[in-house]
Amino acid sequence: MNKTTPQNTKENPGHVTIPDKLYFKIGEVKKITGVEPHVLRYWESEFKIIRPQRATSKQRLYRRVDVENILRIKKLLYEDGYTVPGARKLLAEKKDKKRSVPAAKIPGTNKTRSILAELKNDLKQLQEMLEKK
Numbered sequence: 054m055n056k057t058t059p060q061n062t063k064e065n066p067g068h069v070t071i072p073d074k075l076y077f078k079i080g081e082v083k084k085i086t087g088v089e090p091h092v093l094r095y096w097e098s099e100f101k102i103i104r105p106q107r108a109t110s111k112q113r114l115y116r117r118v119d120v121e122n123i124l125r126i127k128k129l130l131y132e133d134g135y136t137v138p139g140a141r142k143l144l145a146e147k148k149d150k151k152r153s154v155p156a157a158k159i160p161g162t163n164k165t166r167s168i169l170a171e172l173k174n175d176l177k178q179l180q181e182m183l184e185k186k
């Protein structure tokens, strides 16, 4: 089994090694994150960003992104001193901030739009030519 050791980032605070696999059982998540299963189940009810899938055996299967989010929540609650509602609010604000990046601030957006507009115009002209014949 390959293991990756990402740097201490927003995605993976604390230099935690997350095995390179698609799904993790709740016991594996406990070993990786140090968070007890009953706490993980509670966090699922409190944070919408943790949504494990269910196997046919009804076992929870956490994705890598779930494990990264659990590590992020653990840091907010245990190290940064946030309450559950405070952490939930902070994560929601960060998510909304990512969604509301204005197009003008994304590099190349205006140039891309002008190229697409020019292409659309060319296609309309081609369509008119074909309809005339």
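Numbering (the working numbering), first residue to last: 54 to 186. Don't be surprised by glycine CBs; every beta carbon is placed ideally from N, CA and C. All of these numbers come straight from a predicted model, not from anything done at the bench.
Counterpart residues of residue i in DSSP-defined beta bridges
i: Leu124; result: Answer is none; Leu124 lacks a bridge partner.
i: Tyr115; result: Phe77
Three-state secondary structure (DSSP) of residue i
i: Pro138; result: helix
i: Gln178; result: helix
i: Leu183; result: helix
i: Asp133; result: coil
Residue i classed as buried or exposed, judged by whether at least 16 other C-beta atoms fall within 10 angstroms
i: Ala108; result: exposed
i: Asn174; result: exposed
i: Ala140; result: buried
i: Lys186; result: exposed
i: Val118; result: exposed
i: Ile71; result: buried
Inter-residue spacing [alpha-carbon to alpha-carbon] between residue i and residue j
i: Lys56; j: Glu97; result: Note that Lys56 scores a pLDDT of 44, beneath 50, so its modelled location is shaky; the value from the coordinates is reported in the next line. If I take the Cα positions, the gap works out to 26 Å.
i: Ile102; j: Leu144; result: 9 Å
key: Segments assigned alpha helix (DSSP H), at least 4 residues, entirely inside the region 69-113   = Counting whole runs of 4 or more residues, the region 69-113 contains the alpha helix (DSSP H) stretches 79-86, 90-99.
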